[in-house]
Each structure stands twice: as C-alpha cells, then as structure tokens.
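All remarks here apply to the structure that follows.
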C-alpha cells in the first residue's frame with residue numbers, strides 16, 4: 154500500500170496549496186537512501202542540488218590548491234597544463 158504525504162508549494166497568485174507526494178512501499182532487501190550519485194550528479198530525495206554543488210566546490214578547491222602548490226614549487230607552465238588536463 155502506498156502512503157501519501159503532502160508538501161506545501163507556493164504558486165504565483167494562488168497562494169499556498171498542498172501537493173500530494175506518493176511514497177512507495179519499501180522493497181525487502183533494498184535500503185532507502187536520501188541521496189544517490191547517478192551519472193556523476195548527486196540527486197537528493199527532495200530534488201535539491203545542495204549536495205551536488207557542495208561536492209563540486211570541494212573538488213574544485215582541492216584541484217586548484219594542488220595546481221597552485223605545484224606552480225609555487227616551480228613546475229613549468231607546460232607541465233602544469235598537462236596536470237590540469239589530467240585532473
């Protein structure tokens with residue numbers, strides 16, 4: 154049996170209305186999770202992009218820090234380009 158929950162949605166000019174959200178029954182042996190990575194994109198249960206954006210920012214800053222450190226240590230520009238394209 155499916156459970157029905159309601160979430161609030163603001164619509165232009167119509168105020169707030171309740172939209173039914175259908176939650177399927179759990180399947181034996183399948184764990185329910187709040188987010189999943191699919192084709193390189195994090196998808197959350199609420200269809201929010203927050204986890205995906207946080208992940209992209211963390212990975213980008215780590216890679217930028219690595220390139221900056223290699224440049225400070227004297228790695229030639231040509232080799233920095235190779236590293237940049239490799240990561």
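Numbering (the numbering used here), first residue to last: 154 to 240. Cβ atoms here follow ideal geometry from the backbone N, Cα and C, with glycine treated the same way.
Nearest-angstrom beta carbon gap, residue j and residue i [assumed within contact, 8 Å]
i	j	result
residue 204	residue 197	6 Å
residue 188	residue 195	6 Å
residue 223	residue 236	6 Å
Euclidean distance between Cα positions of residue i and residue j
i	j	result
residue 233	residue 201	35 Å
residue 221	residue 190	29 Å
residue 177	residue 185	11 Å
residue 231	residue 219	16 Å
residue 229	residue 180	56 Å
Residue i burial status per 10 Å Cβ neighbour count (16 or more: buried)
i	result
residue 155	For residue 155, the predicted structure reports a pLDDT of 49, less than 50, and the residue's modelled location is therefore unreliable. A value from the coordinates is still provided. Under this definition residue 155 is an exposed residue.
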